[in-house]
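> The opening position of the sequence shown corresponds to residue 21 in this note's numbering, with each subsequent residue numbered one higher. A virtual CB, placed ideally from N, CA and C, is assigned to each residue, including glycine. Before I ask anything, let me first share the structure, which is written out below as structure tokens.
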Amino acid sequence: MAVYACRSSVGAAGWTAAASGLSEVFLQTRSRLMTAIIGAAHHAAMTSGIVLLTGESGTGKRTLARQIHQWSSARGGRFTAVDCGAMSPSIRDEPFSRIICAGSNPLDRGTIFFAHIEDLSLKDQGLLLRFIETMSPACPADDPETPLRLIMAASRRLDKQVDERRFRGDLLLLISAIHLQMPPLRERREDILPLADHMLAHAARRRQHLLSGFSPEAAEALPLYDWPGNLRELRGVVHAAALAAGGSSEISLYHLPPRITALANQGRIDSGPLTSLEEMEREHIARVLSETGSLRKAASILGIHLSTLWRKRRRYNLHLPGHSKAANAGERAAGAGKHSAPPLRCHCGTD
């Protein structure tokens, strides 16, 4: 399978600036790998060839397809996305005659984006192959004003599908001359926090909630996770964290799901000096108290009773942020007074 690449005189900063116009800034990047993909996509948009986008689910193939449409001469028409996996069997006889054929009206033409082409039946693959080879006169793709261009996308390896006789080899050869492989998020970790910041700002605007960003601990934790769901999973986690934050001014580590915080905690244990369990407990309780500012919230996060937290707080000489030292000293004295009197005993004539 041919992998398309290009070298252009436009630098990385130029491609990033071009991508920043997207409604979802999935293509703003600090990654050299992603910068090369965006550059190749821009070059491909200047041609009339079919573009094949492959990569794991959630890597942004649809977003890149939209950008190719905007860069290309087909931008005067509409961008139509077709999910091949959701095609109804009732239209098997002519699944493309109504979808691909945009008619003679230039306003009805533009870019057709076929997602999940690996889910097409062999029969439908044959129909698509014949359409591409003939470009039916009912769909005049040679219109100089608004041409019809095709972009294909697959989340599974099509060469393996060919080996398993689930995808036509001749169709793959036809659509893979310009092939862009979208990298998973774990291969562009430098982009995770900027993307999360953008998604958080979007979520805060929708909910009219003032959020300054991620705490240092949360910002450190996000790139440690591999994000198997890629951009889609990152967006879901960020939006859920914005909801969990409630009235907080920032996203803290405890607003993130356990699968992410566990990695952050493990990282601190592995990289930190050897210490006792008691010191680790004191440090962890102090951090939770500092981030929550509430005994009740801290006890809930720690999974202990409020009275247990009160005793550990007194034992480790910890206090809530914003409380004065005098107030904490008075509280300690009051607590000590509760236990200063000797216990009462009942003398009933027996020892």
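In whole angstroms, give me the CA-to-CA distance for HIS222 and ALA216.
Approximately 10 Å, taken between the alpha carbons.
> So who's on the other strand from MET172, going by DSSP bridges?
For MET172, which the question treats as bridged, DSSP gives the partners LEU72, PHE134.
> Rounded to a whole number of angstroms, what is the C-alpha to C-alpha distance between SER141 and ARG188?
For SER141 and ARG188, the distance between alpha carbons rounds to 10 Å.
> Roughly how many whole angstroms lie between the Cα atoms of SER272 and THR83?
When rounded, the distance between both Cα atoms is 29 Å.
> What separation, rounded to the nearest whole angstrom, lies between the Cα atoms of TRP247 and THR328?
Approximately 36 Å, taken between the alpha carbons.
> If you check the beta carbons only, do ILE132 and ALA174 fall under 7 Å apart?
Cβ distance not < 7 Å, so ILE132 and ALA174 don't count as in contact.
> Distance, Cα to Cα, ILE171 vs LYS81?
If I take the Cα positions, the gap works out to 10 Å.
> Classify GLU311: buried if its beta carbon has 16 or more other beta carbons within 10 angstroms, exposed otherwise.
Buried: at least 16 other Cβ atoms inside 10 Å.
> Who pairs with GLN201 in a beta bridge, going by DSSP?
THR74, per the DSSP bridge assignment.
> Just verifying my parser: in three-state terms, what is the DSSP assignment at ASP246?
Correct three-state label for ASP246: coil.
> Exposed or buried, MET219, counting other C-beta atoms within 10 Å across all chains shown (16 or more means buried)?
So MET219 ends up on the buried side.
> By Cβ distance below 7 Å, which residues in the same chain neighbour ARG209 in space, the five residues on each side in sequence not counted?
These residues qualify, in order along the chain: PRO243.
> Spell out a yes or no on whether the segment 60 to 74 and the segment 198 to 209 are touching, meaning 3 or more CB-CB pairs, one atom from each, closer than 8 Å.
The answer is yes - the segment 198 to 209 touches the segment 60 to 74, with three or more Cβ pairs under 8 Å.
> Buried or exposed: where does MET300 fall if 16 or more other Cβ atoms within 10 Å of its Cβ makes it buried?
With fewer than 16 Cβ atoms within 10 Å of its Cβ, MET300 is classed as exposed.
> Anyone know if the C-beta pair for LEU53 and PRO203 falls short of 7 Å?
In contact: LEU53 and PRO203 (Cβ atoms closer than 7 Å).
> So, are the CB atoms of ALA85 and ARG169 less than 7 Å apart?
No, Cβ-Cβ distance for ALA85 and ARG169 is not below 7 Å.
> Please go through the same chain and pick out, in chain order, the residues whose beta-carbon is closer than 7 Å to the beta-carbon of GLU270, but skip the five residues on each side of it.
Taken in chain order, the residues that qualify are LEU231, SER232, GLY233, PHE234, SER235.
> Quick one: what does DSSP say THR100 is sitting in, helix, strand or coil?
Reduced to three states, the DSSP call for THR100 is strand.
> Give me, in chain order, the residues of the same chain whose beta-carbon lies closer than 7 Å to that of ILE111; leave out the 5 immediate sequence neighbours on both sides.
No answer about ILE111 holds up, because its pLDDT of 49 lies below 50 and its placement is not dependable.
> Quick one: what's PHE14 bridged to in DSSP?
What is shown of the chain runs 21 to 371, which leaves residue 14 out entirely.
> Less than 7 Å between the C-beta atoms of ILE280 and TYR336, yes or no?
Their beta carbons are not under 7 Å apart, which means ILE280 does not touch TYR336 by this criterion.
> Mapping the DSSP letters down to three states, classify GLY313 as helix, strand or coil.
GLY313: coil per DSSP, three-state reduction.
> Identify whether PHE151 lies in helix, strand or coil by the three-state DSSP scheme.
If DSSP states are grouped into helix, strand and coil, PHE151 belongs with the helices.
> When burial is assigned at 16 or more other CB atoms within 10 Å of the CB, is GLY323 buried or exposed?
Exposed.
> Under 7 Å Cβ to Cβ from GLU76, same chain only, skipping five residues before and after it: list those, please.
Excluding residues within five positions, the ones whose Cβ falls inside 7 Å are SER175, PRO204, ASN250.
> Excluding the 5 residues preceding and the 5 following LEU213 in the sequence, name in chain order all residues of the same chain whose CB lies nearer than 7 Å to its CB.
The residues are ALA239, LEU242, PRO243.
> Taking the C-alpha atoms as reference points, what is the distance between GLY78 and ALA319?
Distance between the alpha carbons of GLY78 and ALA319 is about 37 Å.
> Taking the beta carbon of PRO157 as the centre, do at least 16 other beta carbons fall within 10 Å, making it buried, or is it exposed?
In this predicted model, PRO157 has a pLDDT of only 38, less than 50, meaning its place in the structure is not dependable; the value taken from the coordinates is given anyway. So PRO157 ends up on the exposed side.
> From this set, HIS229, ARG331, ARG186, which residue's C-alpha is nearest SER268's C-alpha?
Selected option, being the one with the closest Cα: HIS229.
> Around the C-beta of ARG177, are 16 or more other C-beta atoms found within 10 angstroms, so that it is buried, or is it exposed?
By the neighbour-count rule (16 or more Cβ atoms within 10 Å), ARG177 is not buried but exposed.
> Run through DSSP, which three-state label would PRO277 get?
Reduced to three states, the DSSP call for PRO277 is coil.
> Going by Cα to Cα distance, which pick from ARG252, GLN181, LEU194, ARG302 is closest to LYS332?
Ranking the options by Cα distance to LYS332, first place goes to ARG302.
> Can you tell which of THR74, LEU276, ARG206 has the C-alpha that lies nearest to the C-alpha of LYS180?
Nearest option by C-alpha distance: THR74.
> Which of the three DSSP states, helix, strand or coil, is assigned to SER296?
Three-state DSSP puts SER296 in coil, outside helix and strand.
> Report the three-state DSSP secondary structure of ILE305 (helix, strand or coil).
Three-state result, ILE305: helix.
> Return the chain-ordered list of same chain residues with a C-beta closer than 7 Å to the C-beta of LEU191, the five sequence neighbours on each side being excluded.
Result list for LEU191: GLN145, LEU148, LEU149, in chain order.
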